[in-house]
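Novice: Below: one structure in structure tokens.
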Amino acid sequence: MLDIETGYTKTCDGITRREVMRVGALSAFGLTMPGLLKAFAEDKPAAKPKREMACILLWMGGGPSQIDTFDPKPNAPQEVRGPFNAIPTNVAGIQISEHLPNLAKQMDKFSIIRSVTSPDGNHETATHYLLTGYPFSPAIEYPAYGSVIAREGGYQKGLPPYVLMHGLPFNHGYGGYMGATYNPFMIGGDTNDPNFSVRDVVAPNGVDVVRMDRRRLLRDSLDNWQKGKESNKAAQTMDEFTQRAYALITSPAAKKAFHLKDEPAKLREDYGRNNFGQSCLLARRLVEAGVRCVTINMDGWDTHENNFNALKDHRLPYLDKGYATLLRDLQERGMLDSTLVVWMGEFGRTPVINGAAGRDHWAQVFSVCMGGGGVKMGTVVGSSNDRSETPKDRPVRVEDIAATIYRAMGIDGEKEYMSPQERPLKINYDGTPLPELIG
């Protein structure tokens, strides 16, 4: 069911005394960020990359229809093309859906890959595949792009390097085998709500910085005593995560970045006064402040029925304003060249409309968009056949999408990390960066 207020829906798939002491010590600071107490990492973030790049991933949970968004088929039969028309963009020869008029005016700021193909049409496993670049395996959870970017880039200005808004898609998007150190900082709630605030960024009521400092000294004394009594690696490394949490809630940069009310009313209207639009605006503020990667989970694209009304009344208008204004805003601020913006879901939808006026899962061919971050913009890579059933030319694998993201971010996809089983694993699994988009 679609929640009109938030614009989000679901897909069809349906302790020891010592630990108590730690929880109590952290709670005294108001440090309750999800996953903090589980963050027992073996290694630390690497040094900052040479290029200060950022990534914003717009995740369309459920699988958006390629035909009704970025790969229209105006000459196909009615049962394929549907009721939507195609419109020209500001790049000659490229057309997209009529319900994306603002994006049509920003076509010179992103490119469309129309021949992405995958063997996986299942929501959960395909989500893992697209968010990591690795085929799903029940034996190991691979890290999401944001987690790898966080590991390679590290922290700055007290801000978390990887932020994820509106929930983990099918519980994917974590640090995987790398450990909880590289899990995202989670933001929930409706960013368009006048009372929206981000938990774990401010101290509890009545607790000022002076009082937190006193409590930190007490906790440090307890921890130093424990470290003298224990050899447990988890206990030895806990201080690192507490320090990061403390830095977050005392960081002026964090407080400023999360405060959407500082933005002009006109710009907020341009982004769209809805959850997705304001999340795009918050993502821009976060990368501007120093966050390395922001993923926005906009679900509701699993349109097995009532596809066209759901898209034209909710999904496409929200997407059009938020995505288009994000690209324009980044360029106007001189940030587009250093911010990669990726749009994708786990697969596409069937070419033929079903009996419920919907489209079903279709992984044989679908579209992914990329802009900024040094990639070539205003072009189309590959094509689907005249009914959007299969790639017509230039098939692009999911691994190639991952390789292109990492190359744009200045990350060596051939670099290896060690799994908990001491097995070397490449950052990128068998992918090749798309030369049409990036050198």
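Position in the sequence shown (first residue = 1) + 1020 = the numbering used here. Yeah, the Cβ is synthetic: ideal placement off N, Cα and C, and Gly gets one too. A quick note: this is a predicted structure, and the numbers were derived from the prediction, not measured.
Going by DSSP, which residues form a beta bridge with Gly1391?
Specialist: According to DSSP, which records beta bridges pairwise, Gly1391 is partnered with Val1361.
Novice: Comparing C-alpha positions only, which one of Ala1074, Met1080, Ala1124 and Leu1120 sits nearest to Thr1399?
Specialist: Ranking the options by Cα distance to Thr1399, first place goes to Ala1124.
Novice: Inspect the beta-carbon positions of Tyr1343 and Cys1313 and report whether they are closer than 8 Å.
Specialist: Not a contact, by the Cβ cut-off of 8 Å.
Novice: Which first and last residues belong to the beta strand (DSSP E) in which Ile1107 is found?
Specialist: Note, Ile1107: beta strand (DSSP E), Ala1106 to Pro1108.
Novice: Taking all protein chains shown into account, decide if Ala1285 is buried (16 or more other Cβ within 10 angstroms of its Cβ) or exposed.
Specialist: It is exposed - the Cβ of Ala1285 has fewer than 16 other Cβ atoms within 10 Å.
Novice: Would you check if the distance between the CB atom of Leu1457 and the CB atom of Ser1131 is smaller than 8 Å?
Specialist: Yes. Within cutoff.
Novice: What residue from His1143, Met1073 and Trp1321 has the CA that sits closest to Phe1156's CA?
Specialist: The shortest C-alpha separation from Phe1156 is found at His1143.
Novice: For Pro1180, count the other beta carbons within 10 Å of its own beta carbon; 16 or more makes it buried, fewer makes it exposed. Which is it?
Specialist: Buried: at least 16 other Cβ atoms inside 10 Å.
Novice: May I ask you to report which of helix, strand or coil DSSP gives Ile1373?
Specialist: Ile1373 falls in the coil class under three-state DSSP.
Novice: Compare the C-alpha of Tyr1291 against each of Thr1452, Asp1349, Gly1451 and Gly1195 and name the closest.
Specialist: Tyr1291 has its Cα closest to that of Asp1349, out of Thr1452, Asp1349, Gly1451 and Gly1195.
Novice: Give the C-beta separation of Asn1203 and Tyr1194 to the nearest angstrom, bearing in mind that I take them to be a contact with Cβ-Cβ under 8 Å.
Specialist: Indeed, because the Cβ distance is near 5 Å, the residues count as touching under 8 Å.
Novice: Would a C-beta distance cut-off of 8 Å place Asp1420 and Gly1402 closer than the cut-off?
Specialist: Contact: no.
Novice: With DSSP collapsed to three states, give me the class of Pro1084.
Specialist: Pro1084 falls in the coil class under three-state DSSP.
Novice: For Asn1203, report the span of its beta strand (DSSP E) as first-last.
Specialist: Unbroken run through Asn1203: none, as it is neither H nor E.
Novice: Which residue's Cα is closest to the Cα of Arg1407: Gln1098, Cys1075, Leu1078 and Gly1081?
Specialist: When only C-alpha atoms are compared, the closest one is Gln1098.
Novice: Quick one: which unbroken alpha helix (DSSP H) runs of 4-plus residues sit fully inside the stretch 1386-1435? Chain order, please.
Specialist: Correct list: 1418-1428.
Novice: Between Asp1333 and the rest of its own chain, which residues show a CB-CB distance below 7 Å, the 5 nearest in sequence each way excluded?
Specialist: Nothing listed; no residue qualifies.
Novice: Determine the DSSP secondary structure at Lys1125, reduced to helix, strand or coil.
Specialist: The answer is coil: DSSP assigns Lys1125 none of H, G, I, E or B.
Novice: Starting from Val1183, trace the beta strand (DSSP E) in both directions and tell me its first and last residue.
Specialist: Where Val1183 is concerned, the enclosing beta strand (DSSP E) stretches over Tyr1182 to Met1185.
Novice: With a threshold of 7 Å (Cβ to nearest heavy atom), would Asp1140 be considered close to the ligand SAH?
Specialist: No copy of the ligand SAH appears in this structure; indeed no ligand is present at all.
Novice: Assuming contact is defined by CB atoms lying nearer than 8 Å, are Met1390 and Leu1150 in contact in what I supplied?
Specialist: Result no, Cβ atoms of Met1390 and Leu1150 do not sit closer than 8 Å.
Novice: What does Ser1138 pair with, by DSSP beta-bridge criteria?
Specialist: Per DSSP, none; premise fails for Ser1138.
Novice: Would you kindly check if the distance between the Cβ of Ala1303 and the Cβ of Ile1316 is under 8 Å?
Specialist: For Ile1316 and Ala1303, yes; Cβs fall inside 8 Å.
Novice: Helix, strand or coil, according to DSSP, for Ala1277 in the structure here?
Specialist: It is helical.
Novice: So, is Met1318 buried or exposed, given that buried needs 16 or more other C-beta atoms within 10 angstroms?
Specialist: When all chains shown are included, Met1318 counts as buried.
Novice: Kindly indicate which residue of Asn1191, Phe1216 and Gly1378 has the alpha-carbon position closest to the one of Thr1152.
Specialist: Ranking Asn1191, Phe1216 and Gly1378 by Cα distance to Thr1152 puts Asn1191 first.
Novice: Can the beta-carbon of Ala1423 be found less than 8 Å from the beta-carbon of Asn1448?
Specialist: In contact: Ala1423 and Asn1448 (Cβ atoms closer than 8 Å).
Novice: Met1314 lies in the beta strand (DSSP E); which residues open and close that run?
Specialist: Here residue 1314 turns out to be Val, not Met, going by the sequence shown. Cys1313 to Met1318 is the extent of the beta strand (DSSP E) around Val1314.
Novice: Enumerate in chain order the residues of its own chain whose CB-to-CB distance from Thr1410 is below 6 Å, with the five nearest sequence positions on each side excluded.
Specialist: Excluding sequence neighbours, Thr1410 sits near Gln1384 and Val1385.
Novice: Could you say if the stretch 1171-1185 and the stretch 1270-1277 meet the contact criterion of at least three C-beta pairs nearer than 8 Å?
Specialist: Contact between the stretch 1171-1185 and the stretch 1270-1277 is present, because at least three Cβ pairs lie under 8 Å.
Novice: Taking Ser1085 and Arg1369 to be in contact with their CB atoms under 8 Å, please state how far apart those CB atoms are, rounded to whole angstroms.
Specialist: About 4 Å; that satisfies the 8 Å criterion.
Novice: If Thr1147 and Pro1189 are in contact, beta carbons under 8 Å, what's the gap, nearest whole angstrom?
Specialist: About 5 Å separates the two Cβ atoms, so the contact holds.
Novice: In the structure shown, what three-state DSSP assignment does Met1198 receive?
Specialist: Three-state DSSP puts Met1198 in a helix.
Novice: How many Å lie between Leu1051 and Ser1135 at the Cα?
Specialist: Note that Leu1051 scores a pLDDT of 42, beneath 50, so its modelled location is shaky; the value from the coordinates is reported in the next line. Looking at the two C-alpha atoms, the distance is approximately 45 Å.
Novice: Which of the three DSSP states is assigned to Arg1234 in this structure?
Specialist: Reliability of the predicted coordinates at Arg1234 is poor, the pLDDT of 49 falling under 50, and no value is obtained from them.
Novice: Closest to Arg1427 by CA distance: which of Asp1128, Tyr1165, Ile1116 and Gly1102 is it?
Specialist: That would be Tyr1165, whose Cα lies nearest to the Cα of Arg1427.
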